[in-house]
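Undergrad:
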Amino acid sequence: MTVIATAGHVDHGKSSLIRAITGTDPDRLAEEQRRAMTIDLGFAHCTTGNGTVLSFVDVPGHADFIRTMISGVSGVDIVMLIIDANEGWKPQTEEHLGIIEVLGISSGIVVLTKSDKVDAEILEQRQEEIAARLSTSSVTWHDTVITSVINNTGVSELIERIENLVAAQVTNSNNTRPRLFIDRVFSMKGSGTVVTGTLEGGNLEAASSLIVARTGTAVRIREIQTHGSVVSVAQSGSRCAINLSGIDANELQRGDALVRENDWHMSDAFDARINVLPALQHALTHRGSFTLHVGSRSQSATVRILQTDNIDPGQSGLVRIRFENSLPLVPGDRFLLRDTGIGATVGGGVILDVDPRGRVKDAAPDGSAEQILNNRGWLTVDEARQLTGQDIAPIVGPWVASPETLRSTKAALEQELTTSQSIDISLLAAYERDVLSTIDGVQINNGIAIRGQSDPLLSHPYVSLFLEAGVTTPDADKLDRNIIRQLVQKKVLFEHDNIAFHAETLSSLRPTLEQLWTQYPEGFTMANLRDALGITRKHALPLGNCLDKVGLTKRQGDLRIAGSAW
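Numbered by this note's numbering, the letters in the sequence shown go through residues 41 to 606 in order.
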């Protein structure tokens, strides 16, 4: 579905035009009716003669409500720039145009209102003025429609033009992860908490479980309505009213985002390319008091300029922006920046990296998946998708990494095989085990990897004997010491005072160790370990020393703290 927003100076007839198109007054608040001025977002829709559903967001035009205006136009597909034929181009017309451009809204239509108040000569003059001003705009302005709601002229033509624009919209299906930035929260008797917003990304089904990105609170969808009708599935791009369970209305606010858990990277900083508006009276530097707008969320932010000291008006450059409340973001998202000190829109642009690493002076983001993944080490497919917004094919098993990361990991494993002749795979990270399996000639037997033909020693009955014995193993001095010695050399077994433990047994104790450190943050004693495992001192002391040997623990006086392999 397509959402259309209004824009333009205060009292230029935006709400009256929406009322004429849809039959719905978007000014729903008593104060708006009293003051005859839009102060909050208004919503209306209609179905045209050919069956096209038009969904409108009406924004305030007064400069005092610019934050509300920004949240209303964020994420819409089409904008109507509404200009009073009598007054012409005004300051908020100019500021709204800048906001539309930096938010990346690509399609628009100019509407001259109140044409009944001027003659044909003035109308022609206004059209020439507007055409000249918009000649360098990044928005594709398809038409200028002359209207009068008093005389009921031009409205039908406007509806037809909007129908054509809606029909030409291309749906972006690359992102299948739903995200809804809330623009209104209220409570209804008998229903509870209701939120509204424009759905982005994927579709959303009734009864789905979501989280509030800002707080992590789990919520469940009771019901979804679009355009006043209950639906089982809300389509991406549609205006939605969602009845939520599991949360009170006072726990939510405009700007909160609803997402599926683990679908998005939660970002408190991003690198981006910003286009500084030509109307700004000074160059953009890191000095200033800034407000960041993403979706319907606005919050304080700090700005650092990348690769230079400042960005002049009318120019673009790279910035790193930090903010307090994390947001579910992906490369390609749009943002807007305002200087709250002077009350002016600075500019906006496209997010390139939602998890910037390294120093500001070294950053050179370009938004490509290759650069984002470079120096990230190993990631799961889901993690890579969160960071890039793309489906990245795994390089090994379920893992994503740069070719250089794969080469270095493989080289390190091959060096370990050469040096130690064997590797206990229980001590490897999951991605290392998958890389190990790709190395030619590697054989894995009973959790031990070697290169070349399988070692008969690894099939010796002692291997399964110690593995099955767990933490209550037999005395090693009563067994063949030559076999025990060889198994220790190959790191199949770890031994202390003639008590040995299989490497996999030691690795399997990670959950127990974690529980002990939760209970004893300063470190646990051998008596604590003994009691936790239900074993005797005979096995507890050697076990503690063997855990030290594999690096899972480290002795500190009479206590054990986390070791280097933890």
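Just so you know, even glycine gets a beta-carbon here, dropped at the ideal spot from N, CA and C.
Between Ala543 and Ser466, how many whole angstroms is the CB-CB distance? I'm expecting something under 8 Å.
TA: For the purposes of this step, residue 543 is identified with residue 503 of the sequence shown, where counting begins at 1. For the purposes of this step, residue 466 is identified with residue 426 of the sequence shown, where counting begins at 1. Right, their Cβ atoms sit about 5 Å apart.
Undergrad: Starting from Ala207, follow the alpha helix (DSSP H) in both directions and report where the run begins and ends.
TA: Residue mapping note: residue 207 aligns to position 167 of the sequence shown, counting from 1. Val195 to Ala208 is the extent of the alpha helix (DSSP H) around Ala207.
Undergrad: Given a threshold of 16 other Cβ atoms within 10 Å of its Cβ, counted over all protein chains shown, does Trp418 qualify as buried or as exposed?
TA: What you label residue 418 is simply residue 378 of the sequence shown in a count that begins at 1. So Trp418 counts as buried.
Undergrad: Are the CB atoms of Val252 and Glu263 nearer to each other than 8 Å?
TA: Residue 252 sits at position 212 when you count from the first residue of the sequence shown. Residue 263 sits at position 223 when you count from the first residue of the sequence shown. No, the Cβ-Cβ distance between Val252 and Glu263 is not below 8 Å.
Undergrad: Can you grab the Cα-Cα spacing for the pair Phe83 / Val343, in whole Å?
TA: Against the sequence shown, residue 83 aligns to sequence position 43. Against the sequence shown, residue 343 aligns to sequence position 303. Taking the straight line from one Cα to the other gives about 34 Å.
Undergrad: Do Leu533 and Ile539 have their beta-carbon atoms positioned less than 8 Å apart in this structure?
TA: The residue you call residue 539 lines up with position 499 of the sequence shown. The residue you call residue 533 lines up with position 493 of the sequence shown. Not a contact, by the Cβ cut-off of 8 Å.
Undergrad: Which first and last residues belong to the beta strand (DSSP E) in which Met566 is found?
TA: The residue given as residue 566 occupies position 526 in the sequence shown. Premise fails: Met566 lies in the alpha helix (DSSP H), Met566 to Leu573, not in any beta strand (DSSP E).
Undergrad: Return the CA-CA distance between Glu197 and Gln265, expressed in angstroms with no decimal places.
TA: By one-based count along the sequence shown, residue 197 stands at place 157. By one-based count along the sequence shown, residue 265 stands at place 225. Spanning the two alpha carbons is a distance of roughly 29 Å.
Undergrad: Would you mind listing the beta strand (DSSP E) stretches within the stretch 227-298 that are 3+ residues and don't spill past its ends, in chain order?
TA: 232-240, 249-252, 258-266, 269-271 and 279-285, all fully within the stretch 227-298.
Undergrad: For a test of the three-state rule: what should DSSP assign to Ala621, helix, strand or coil?
TA: Outside the displayed span of the chain (41 to 606) sits residue 621, for which this structure offers no information.
Undergrad: Give the C-beta separation of Pro396 and Ala403 to the nearest angstrom, bearing in mind that I take them to be a contact with Cβ-Cβ under 8 Å.
TA: Along the sequence shown, one-based indexing puts residue 396 at 356. Along the sequence shown, one-based indexing puts residue 403 at 363. Going by Cβ atoms, the distance from Pro396 to Ala403 rounds to 6 Å, so yes, they are a contact pair.
Undergrad: Helix, strand or coil: how does DSSP classify Arg327 here?
TA: Within the sequence shown, the letter at position 287 stands for residue 327. Of the three classes helix, strand and coil, the one that applies to Arg327 here is coil, per DSSP.
Undergrad: Could you check where the beta strand (DSSP E) with Val113 kicks off and where it finishes?
TA: On the sequence shown, position 73 is the one that residue 113 refers to. Element bounds for Val113: not the beta strand (DSSP E) but the alpha helix (DSSP H), Ile106 to Val113.
Undergrad: Flag Val97 as yes if its beta-carbon sits less than 8 Å from any beta-carbon of chain B, otherwise no.
TA: The structure shown contains no chain B; it is built from a single protein chain.
Undergrad: Under a three-way DSSP split, which group does Pro551 fall into?
TA: On the sequence shown, residue 551 is found 511 positions in, with the first residue counted as 1. Reduced to three states, the DSSP call for Pro551 is helix.
Undergrad: Select from Thr512, Glu291, Arg550 and Leu498 the residue whose C-alpha is nearest the C-alpha of Lys531.
TA: On the sequence shown, residue 531 is found 491 positions in, with the first residue counted as 1. Answer by Cα proximity: Leu498.
Undergrad: Do the stretch 354-369 and the stretch 306-320 meet, that is, are 3 or more Cβ pairs less than 8 Å apart?
TA: A contact exists between the stretch 354-369 and the stretch 306-320.
Undergrad: Arg173 by DSSP, collapsed to three states: which one?
TA: Taking the sequence shown and counting its residues from 1, the one referred to as residue 173 is at position 133. Arg173: helix per DSSP, three-state reduction.
Undergrad: Within this structure, are the beta carbons of Gly237 and Phe221 separated by less than 8 Å?
TA: What you label residue 237 is simply residue 197 of the sequence shown in a count that begins at 1. What you label residue 221 is simply residue 181 of the sequence shown in a count that begins at 1. In contact: Gly237 and Phe221 (Cβ atoms closer than 8 Å).
Undergrad: Is the stretch 191-209 in contact with the stretch 157-177, if contact means three or more CB pairs nearer than 8 Å?
TA: With a cut-off of 8 Å, the stretch 157-177 and the stretch 191-209 do not count as touching, because too few Cβ pairs lie within range.
Undergrad: So who's on the other strand from Gly389, going by DSSP bridges?
TA: Position 349 of the sequence shown, counting from 1, holds the residue named residue 389. The partner list for Gly389 (beta bridge, DSSP) reads Ile314 and Phe375.
Undergrad: Output yes or no for whether 8 Å exceeds the beta carbon distance between Val97 and Ala45.
TA: Indexing the sequence shown from 1 puts residue 97 at position 57. Indexing the sequence shown from 1 puts residue 45 at position 5. A contact, by the Cβ cut-off of 8 Å.
Undergrad: Pairing CB atoms from the stretch 441-459 with CB atoms from the stretch 407-415, are three or more of them under 8 Å?
TA: Judged by Cβ distances under 8 Å, the stretch 441-459 makes contact with the stretch 407-415, as three or more pairs qualify.
Undergrad: Just confirm the distance between the C-beta atoms of Ser114 and Ser336, as a whole number of angstroms; I'd bet it's less than 8 Å.
TA: Along the sequence shown, read from residue 1 onward, the residue named residue 114 stands at position 74. Along the sequence shown, read from residue 1 onward, the residue named residue 336 stands at position 296. Their Cβ separation, rounded to whole angstroms, is 6 Å, which keeps Ser114 and Ser336 in contact under 8 Å.
Undergrad: Looking at Arg254: is its Cβ nearer than 8 Å to the Cβ of Asn365?
TA: Here residue 254 refers to the residue found at position 214 when the sequence shown is read from its first residue. Here residue 365 refers to the residue found at position 325 when the sequence shown is read from its first residue. The answer is yes: Cβ separation under 8 Å.
Undergrad: I'd like the list of long-range same chain contacts for Thr87, defined as Cβ closer than 6 Å, with 5 residues on each side in sequence excluded.
TA: Numbered from 1 along the sequence shown, position 47 holds the residue referred to as residue 87. These residues qualify, in order along the chain: Val93.
Undergrad: If I follow the unbroken beta strand (DSSP E) through Val185, where does it start and stop?
TA: On the sequence shown, residue 185 is found 145 positions in, with the first residue counted as 1. Run containing Val185: Thr180 to Ile186, per the beta strand (DSSP E) assignment.
Undergrad: Looking at the secondary structure, which residues open and close the alpha helix (DSSP H) in which Glu364 lies?
TA: Within the sequence shown, numbered from 1, the residue matching residue 364 stands at position 324. That residue, Glu364, is in no alpha helix (DSSP H); its beta strand (DSSP E) goes Ser356 to Leu369.
Undergrad: As an exercise, report each continuous alpha helix (DSSP H) stretch of at least 4 residues that is fully enclosed by the stretch 438-495, in chain order.
TA: Listed in chain order, they are 443-460 and 470-476.
Undergrad: Pull up the DSSP beta-bridge partners for Lys594, would you.
TA: Within the sequence shown, numbered from 1, the residue matching residue 594 stands at position 554. Paired residues: Ile601.
Undergrad: Leaving out five residues before and five after Val436 in sequence, what residues of the same chain have Cβ atoms less than 8 Å from its Cβ?
TA: Within the sequence shown, residue 436 is the residue found at index 396, counting from 1. Excluding residues within five positions, the ones whose Cβ falls inside 8 Å are Leu446, Tyr471, Asp474, Val475 and Thr478.
Undergrad: Kindly indicate which three-state DSSP category Ala84 falls into: helix, strand or coil?
TA: By one-based count along the sequence shown, residue 84 stands at place 44. Note: Ala84 maps to strand in three-state DSSP.
Undergrad: In terms of residues, what are the limits of the alpha helix (DSSP H) holding Val140?
TA: Start at 1 with the first residue of the sequence shown, and residue 140 comes out as number 100. Note on identity: in this sequence residue 140 is Ile, with Val being the wrong assignment. That run of the alpha helix (DSSP H) goes Pro131 to Val142.
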